[in-house]
Structures are given as C-alpha cells and as structure tokens.
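Residue numbers (my numbering): 90 to 210.
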C-alpha cells in the first residue's frame, strides 16, 4: 500500500473522538450543506491532513472547511500557521464560526458553493 504523506496515524483515535463529539454546528453544516454530495462533491468529516484534523475535507477540490467556536472571533497565530502548512500541501481552508452557521446558514452555503464554482473555471 502506498504511503500517504498527508496522513498521521497517531491522530486516528483523536479524530474518532472528535467525530463523536461534533458540535451541533458541525452537524447542522454537515446535514444541510455538505452531506451526500449536495455540493456535487464528497466531503469527509474530521479527517487528518498533515498534523491537523480538518473538520470537513474534500480531497477532489483540495478544500477544507473549518467551523470555529463562538469564542474564536479572530485568527490566532496557531490558525495562521495551520492554514499555511495546509496551503503548502495544496489545500484551501474556508473558515466559519458557530454563529454564522447557526444564524446565517444560507450565506455560509453561498460562500462554499461560490468558492467551488470559481475553482472550476
């Protein structure tokens, strides 16, 4: 089996626990926007990328969608480092916070669909 350099097996149990503890926000985004190829693409939940766990990952689009908690109103240095490392692997990260997903899901969906459409041109 070929070695996947984007995968860290040590993160597997952690990924599993994150999947089980998914926030209501992630569940809502998943159910109403990202599941079952609603966007035309397959998104996977809580997948390891590099040394991180992505909330949602579309390998085909090389797109990661992150949902940040209510307290996460600004990008921390850690987020910037993470986004850069993930970008170096060829991925784009779109970030939303809990409030946007819970109160303005249609706009979140519009941003995601807009990104997908613009990436296809």
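Quick reminder that beta carbons are idealized off the backbone N, C-alpha and C, glycines included.
According to the Cβ coordinates, are residue i and residue j closer than 8 Å?
i, j, result
"residue 142", "residue 104", "yes"
"residue 114", "residue 172", "no"
"residue 179", "residue 148", "no"
"residue 197", "residue 189", "yes"
Our contact map puts residue i next to residue j with C-beta atoms below 8 Å; I'd like the distance itself, whole angstroms only.
i, j, result
"residue 201", "residue 138", "Wrong, their Cβ atoms sit about 18 Å apart, outside the cutoff."
Excluding the 5 residues flanking residue i on each side, which residues of the same chain have their C-beta closer than 6 Å to its C-beta?
i, result
"residue 90", "At residue 90, the pLDDT of 48 sits below 50, so the modelled position is not reliable; the number obtained from the coordinates is stated separately. For residue 90, where only same-chain residues beyond five positions count, there are no Cβ hits under 6 Å."
"residue 31", "Within the shown structure, residues of the chain are numbered from 90 to 210, placing residue 31 beyond reach of any answer."
Just verifying my parser: in three-state terms, what is the DSSP assignment at residue i?
i, result
"residue 208", "helix"
"residue 184", "strand"
"residue 193", "coil"
"residue 127", "coil"
"residue 133", "strand"
"residue 104", "helix"
Can you list, in chain order, the residues of its chain with a C-beta nearer than 8 Å to that of residue i? Leave out the 5 residues immediately preceding and following it.
i, result
"residue 194", "117, 118, 121, 122"
"residue 144", "115, 134, 135, 153, 154, 155, 156"
Taking the continuous beta strand (DSSP E) assigned at residue i, which residues delimit it?
i, result
"residue 155", "152-157"
For residue i, which residues from the same chain have a beta carbon less than 7 Å from its beta carbon, with the 5 sequence-adjacent residues on both sides left out?
i, result
"residue 175", "138, 139, 141, 153, 182"
Since residue i is in the alpha helix (DSSP H), which residue starts that stretch and which ends it?
i, result
"residue 146", "Looking at the DSSP string, residue 146 is not in any alpha helix (DSSP H); the run it does join, the beta strand (DSSP E), is 141-147."
"residue 178", "Premise fails: residue 178 is in no alpha helix (DSSP H) and is neither H nor E."
"residue 113", "113-118"
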